[in-house]
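Asker:
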Amino acid sequence: MTAAIQCYHACKSFKESVRKTEKAEAGSRDRRAHRRIADFILPSKVTVEAVKDVSFDVKRGEIFGILGPNGSGKSTLIRMISTLLIPDSGTVRVFGKDVVEDRLEVRRYINRVSVEAAFFKRLSATENLEYAARLYGLDPKEGLLKAKAILARLGFPNSKVDVSLENLSRGMQQKVAIARALMTAPVALLLDEPTTGLDPVSKRDVQDFVLDVRNTHDTTVILTTHDMEEADRLCDRIAVIHDGEFVALDTPENLKRQCANGNGHLPNLEEVFFRLTGRSPNEWETEGEDE
Amino acid sequence: MNDMKPGSVVGYMKSGYALVQRNYNLIKHEMGWEIVNTIYQVVNALTIGFIGVAGPQEGLNERVLFLVSGALLWGFLSILFHEVAESVAWERWEGTIEYSFMAPQPRGVYMFGVCMWAIAYGLVRVVICLTAVTLAFNISLAEANLGGALLTLAASSLAFIGMGLAAAVLPLISPEKGSQATHIFQAVVLLVSGVYYDVAVLPAWVRPLSYISPATYTLRAARAALLEGASVRMLLPDLLALVLLGAILIPVGFWIFSIGENYAMRTGKLKRTG
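Chains as they are written, first to last, in this note's numbering: chain A, 230 to 520; chain B, 51 to 324.
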């Protein structure tokens with residue numbers, strides 16, 4: 230199998246505003262007042278390293294999972310591969326094309342489902358899908374037929390296709406997002422927490438469909454998820470990302486073996502995850518939502 | 051892999067049409083507000099027209115038409131600006147901009163679609179408004195060269211699109227404040243272009259700005275066509291000036307938008323959340 234997606238030494242950092250007064254409350258009342266005024270006019274910035282020197286290859290037809298806590302850099306990595314973020318350094322290539330230099334060509338290969346199902350919410354599923362079909366240069370009728378077939382496969386009721394998306398549940402919106410991405414028959418599919426918010430049956434439908442797409446179309450898939458069972462079921466290899474760095478990369482079985490303790494008990498993927506990220510299940514449940 | 055061949059003009063045209071159809075669909079879902087906005091534009095034009103009615107009887111028709119043409123053109127320019135900037139702002143709010151910008155089409159195609167929609171929509175609104183004020187003030191357009199006036203609007207669209215592209219960068223980098231900030235562009239054009247007064251009344255230090263504003267030439271040519279029935283041949287110098295300004299402003303506007311997009315892609319400002 231040849232490499233479909235290559236990421237070498239990719240780094241990305243962002244500037245975040247920080248109030249100076251939060252950093253230093255010491256000093257006289259006048260000095261603090263001056264700091265507050267300075268804060269108001271020009272807040273100081275700190276650099277946050279979202280992705281630090283990440284390297285990996287994804288083979289053609291592979292389902293490659295990226296697991297990590299919120300804010301660990303998963304979505305930043307997906308955005309760089311999607312040509313939506315320019316890496317600070319390093320290279321990211323999709324089928325040999327650089328995501329910065331050959332942006333337009335890379336976009337012909339890929340599509341993405343993000344955790345937030347972004348749509349024109351006043352428009353119906355049909356209107357949104359028609360827009361997407363035209364935007365991607367497809368015949369709108371053909372695109373719609375394809376999308377509706379995918380929606381039917383995902384258990385989306387046909388009676389809802391002409392209802393404004395603002396009146397549909399998050400799960401239904403997510404199914405439309407999946408149909409929109411797959412309608413363009415991408416050879417590389419970037420799934421950023423695609424099943425978040427779906428009920429167990431819908432989740433299973435989506436997972437089956439992803440496997441089916443890979444098996445029938447040889448589609449390369451990068452999947453980020455918080456669902457360890459999903460990762461275990463779908464992924465050929467899994468990378469665990471923590472604070473912007475890959476702390477492990479292997480097949481699910483090998484990751485479990487690496488983390489096995491001496492008594493011969495093979496941990497499940499959740500236990501592997503907690504061990505590799507040095508987190509407890511409590512921390513996992515209570516941390517913030519920002520990525 | 052999708053079917054769009056790189057460099058396929060027909061493919062790109064179809065792709066650009068996606069924006070026209072999407073905006074039309076959005077309007078269909080907001081028809082009540084569209085009617086309200088159109089009434090607002092008509093009321094504005096009537097208010098300006100009544101300033102002309104308040105003067106002496108002599109030259110009433112010309113005076114009202116002078117003011118109303120300014121109001122109509124200003125309405126057209128405002129719609130053009132608003133639609134171009136709002137298209138980007140709307141995508142930022144909905145979070146769809148990442149999806150739209152990931153499509154395999156050059157950014158020029160996306161902006162072309164947005165601008166085509168803005169021109170078509172602006173023209174429809176101007177025609178509705180012109181009809182309303184013509185009936186309200188009993189204005190005679192018997193002498194007017196309506197074709198020349200429409201040609202002027204078409205020629206001016208190029209330059210206004212260039213300005214709209216530059217203005218669209220503001221909501222791209224700031225969804226909260228960017229859309230309102232585009233009004234700065236409009237305010238400057240309103241000040242220097244003689245929308246409601248002759249540019250001769252401007253202070254000498256402001257007047258040079260009127261020479262580089264496309265609205266100055268548009269108003270002069272449109273008024274000549276409507277008030278004096280000037281032929282296309284007579285309008286030619288202003289039309290050429292508008293085309294020249296368009297040829298300069300479109301690449302400049304696109305260049306500014308590209309810089310803004312690259313900045314957004316370096317700093318992660320395209321995303322809404324997550």
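Think of the CB as a built atom: it goes at the ideal place given N, C-alpha and C, for glycine as much as any other residue.
Let's see if you can read the secondary structure: which residues bound the beta strand (DSSP E) around residue 474 of chain A?
Answerer: The residue labelled residue 474 of chain A in the question sits at position 245 within the first sequence. Segment 474-479, the beta strand (DSSP E) holding residue 474 of chain A.
Asker: Along the alpha helix (DSSP H) that carries residue 437 of chain A, what are the first and last residues, could you check?
Answerer: Taking the first sequence and counting its residues from 1, one reaches residue 437 of chain A at position 208. Element bounds for residue 437 of chain A: 429-446.
Asker: Tell me the rounded alpha-carbon separation between residue 96 of chain B and residue 353 of chain A.
Answerer: If you number the second sequence from 1, residue 96 of chain B lands on position 46. If you number the first sequence from 1, residue 353 of chain A lands on position 124. Their Cα atoms are separated by approximately 38 Å.
Asker: For residue 292 of chain A and residue 447 of chain A, what's the separation of their Cα atoms in angstroms?
Answerer: Translated into the one-based positions of the first sequence, residue 292 of chain A becomes position 63. Translated into the one-based positions of the first sequence, residue 447 of chain A becomes position 218. If you take the alpha carbons of residue 292 of chain A and residue 447 of chain A, they lie about 10 Å apart.
Asker: Considering just the uninterrupted stretch of the alpha helix (DSSP H) at residue 179 of chain B, what are its terminal residues?
Answerer: As a position in the second sequence, residue 179 of chain B is number 129, starting the count at 1. Residue 179 of chain B -> alpha helix (DSSP H) spans 157-187.
Asker: I'd like to know if residue 144 of chain B contacts chain A, where contact means its C-beta is closer than 8 Å to some C-beta of that chain.
Answerer: Indexing the second sequence from 1 puts residue 144 of chain B at position 94. Yes, because at least one Cβ of chain A sits closer than 8 Å to the Cβ of residue 144 of chain B.
Asker: Per DSSP, what kind of secondary structure is residue 506 of chain A in: helix, strand or coil?
Answerer: Residue mapping note: residue 506 of chain A aligns to position 277 of the first sequence, counting from 1. Of the three classes helix, strand and coil, the one that applies to residue 506 of chain A here is helix, per DSSP.
Asker: Mind the definition here: the stretch 493-508 of chain A touches the stretch 262-274 of chain A only if three or more C-beta pairs lie below 8 Å; say whether that holds.
Answerer: Not touching, per the Cβ criterion.
Asker: What's the C-alpha gap between residue 262 of chain B and residue 301 of chain B?
Answerer: Taking the second sequence and counting its residues from 1, the one referred to as residue 262 of chain B is at position 212. Taking the second sequence and counting its residues from 1, the one referred to as residue 301 of chain B is at position 251. Whole-angstrom Cα-Cα distance: 16 Å.
Asker: Select from B:178, B:144, B:193 and B:310 the residue whose C-alpha is nearest the C-alpha of residue 123 of chain B.
Answerer: Counted from its first residue, the second sequence places residue 123 of chain B at position 73. If we check each option's Cα against that of residue 123 of chain B, B:178 comes out closest.
Asker: Start and end of the beta strand (DSSP E) containing residue 244 of chain A?
Answerer: Within the first sequence, residue 244 of chain A is the residue found at index 15, counting from 1. First-last of the beta strand (DSSP E) with residue 244 of chain A: 232-247.
Asker: Using the Cβ count rule (16 or more neighbours within 10 Å means buried), how would you classify residue 132 of chain B?
Answerer: Residue 132 of chain B sits at position 82 when you count from the first residue of the second sequence. Label assigned to residue 132 of chain B: buried.
Asker: Mind checking the stretch 485-512 of chain A against chain B and listing, in chain order, the residues whose C-beta falls within less than 9 Å of any C-beta there?
Answerer: Correct list: empty, as no residue qualifies.
Asker: Using a beta-carbon distance below 8 Å, is residue 184 of chain B in contact with chain A?
Answerer: Position 134 of the second sequence, counted from the first residue, corresponds to residue 184 of chain B. For residue 184 of chain B, the answer is no, since every Cβ of chain A falls outside 8 Å of its Cβ.
Asker: Under 7 Å Cβ-Cβ, which residues of chain A neighbour residue 229 of chain B?
Answerer: On the second sequence, residue 229 of chain B is found 179 positions in, with the first residue counted as 1. Within chain A, no residue comes near residue 229 of chain B; the closest Cβ sits about 17 Å away, beyond 7 Å.
Asker: Identify which residue in B:225, B:210 and B:115 has its Cα closest to the Cα of residue 98 of chain B.
Answerer: In the second sequence, counting from the first residue as 1, residue 98 of chain B sits at position 48. Closest by alpha carbon: B:115.
Asker: Is the Cβ of residue 451 of chain A closer than 8 Å to any Cβ of chain B?
Answerer: Numbered from 1 along the first sequence, position 222 holds the residue referred to as residue 451 of chain A. No, residue 451 of chain A lies away from the interface with chain B (no Cβ there is under 8 Å from its Cβ).
Asker: Does the separation of the CB atoms of residue 339 of chain A and residue 417 of chain A fall below 8 Å?
Answerer: Within the first sequence, residue 339 of chain A is the residue found at index 110, counting from 1. Within the first sequence, residue 417 of chain A is the residue found at index 188, counting from 1. The answer is yes: Cβ separation under 8 Å.
Asker: So, with DSSP's three-state summary, where would you put residue 93 of chain B?
Answerer: For this step, residue 93 of chain B is matched to residue 43 along the second sequence. Looking at residue 93 of chain B - three-state DSSP - the assignment turns out to be helix.
Asker: Thinking C-beta only, is residue 68 of chain B closer than 8 Å to residue 237 of chain A?
Answerer: Locating residue 237 of chain A in the first sequence gives position 8, counting from the first residue. Locating residue 68 of chain B in the second sequence gives position 18, counting from the first residue. No, they are not a contact pair.
Asker: Taking the alpha carbon of residue 483 of chain A as the point to measure from, which residue in A:437, A:443 and A:468 has its own alpha carbon closest?
Answerer: Taking the first residue of the first sequence as position 1, residue 483 of chain A is located at position 254. Considering only alpha carbons, the answer is A:468.
Asker: Any beta-carbon of chain B closer than 8 Å to the one on residue 326 of chain A?
Answerer: As a working mapping, residue 326 of chain A is identified with position 97 in the first sequence. Residue 326 of chain A does not count as touching chain B.
Asker: Can you grab the Cα-Cα spacing for the pair residue 351 of chain B / residue 377 of chain A, in whole Å?
Answerer: Residue numbering for chain B in the displayed model covers 51 to 324; residue 351 of chain B lies beyond these limits and cannot be assessed.
Asker: Since residue 278 of chain A sits in a beta bridge, which residues does DSSP pair it with?
Answerer: Taking the first residue of the first sequence as 1, we reach residue 278 of chain A at position 49. Note: residue 278 of chain A sits in a beta bridge opposite A:242.
Asker: Please classify residue 428 of chain A as buried or exposed, where buried requires at least 16 other C-beta atoms within 10 Å of its C-beta.
Answerer: The residue given as residue 428 of chain A occupies position 199 in the first sequence. Result: exposed.
Asker: Rounded to whole angstroms, what is the Cα-Cα separation between residue 287 of chain A and residue 235 of chain A?
Answerer: The residue labelled residue 287 of chain A in the question sits at position 58 within the first sequence. The residue labelled residue 235 of chain A in the question sits at position 6 within the first sequence. Whole-angstrom Cα-Cα distance: 6 Å.
Asker: Would you say residue 345 of chain A faces chain B, with C-beta separation under 8 Å as the test?
Answerer: For this step, residue 345 of chain A is matched to residue 116 along the first sequence. For residue 345 of chain A, the answer is yes, since a Cβ of chain B falls inside 8 Å of its Cβ.
Asker: When the Cβ atoms of the stretch 182-192 of chain B are set against those of the stretch 145-163 of chain B, are three or more pairs found closer than 8 Å?
Answerer: Not touching, per the Cβ criterion.
Asker: Specify, as a first and last residue, the run of the alpha helix (DSSP H) that residue 337 of chain A falls within.
Answerer: Here residue 337 of chain A refers to the residue found at position 108 when the first sequence is read from its first residue. That run of the alpha helix (DSSP H) goes 332-338.
Asker: Given that a residue counts as buried once 16 or more other Cβ atoms are within 10 Å of its Cβ, and exposed if not, what is residue 204 of chain B?
Answerer: Along the second sequence, one-based indexing puts residue 204 of chain B at 154. With fewer than 16 Cβ atoms within 10 Å of its Cβ, residue 204 of chain B is classed as exposed.
Asker: So which residues on chain B does residue 333 of chain A lean against when the C-beta distance must stay under 9 Å?
Answerer: The residue given as residue 333 of chain A occupies position 104 in the first sequence. Result: 56, 154, 155 and 156.
Asker: Can you find a CB in chain A that lies within less than 8 Å of the CB of residue 150 of chain B?
Answerer: Walking along the second sequence from the start, residue 150 of chain B turns up at place 100. Taking Cβ atoms only, chain A reaches closer than 8 Å to residue 150 of chain B, which makes this a yes.
Asker: Name the DSSP bridge partner or partners of residue 228 of chain A?
Answerer: It is not possible to answer for residue 228 of chain A, since the shown part of chain A is limited to 230 through 520.
Asker: Taking residue 232 of chain A as the reference, which of A:289, A:281, A:392 and A:398 has the closest Cα?
Answerer: The residue given as residue 232 of chain A occupies position 3 in the first sequence. Ranking A:289, A:281, A:392 and A:398 by Cα distance to residue 232 of chain A puts A:289 first.
Asker: When the distance is taken between beta carbons, is residue 350 of chain A closer than 8 Å to residue 148 of chain B?
Answerer: Counting from one through the second sequence, the residue named residue 148 of chain B turns up at place 98. Counting from one through the first sequence, the residue named residue 350 of chain A turns up at place 121. Not closer than 8 Å, so no.
Asker: Taking the C-alpha atoms as reference points, what is the distance between residue 71 of chain B and residue 456 of chain A?
Answerer: Residue mapping note: residue 71 of chain B aligns to position 21 of the second sequence, counting from 1. Residue mapping note: residue 456 of chain A aligns to position 227 of the first sequence, counting from 1. Cα to Cα, residue 71 of chain B sits roughly 38 Å from residue 456 of chain A.
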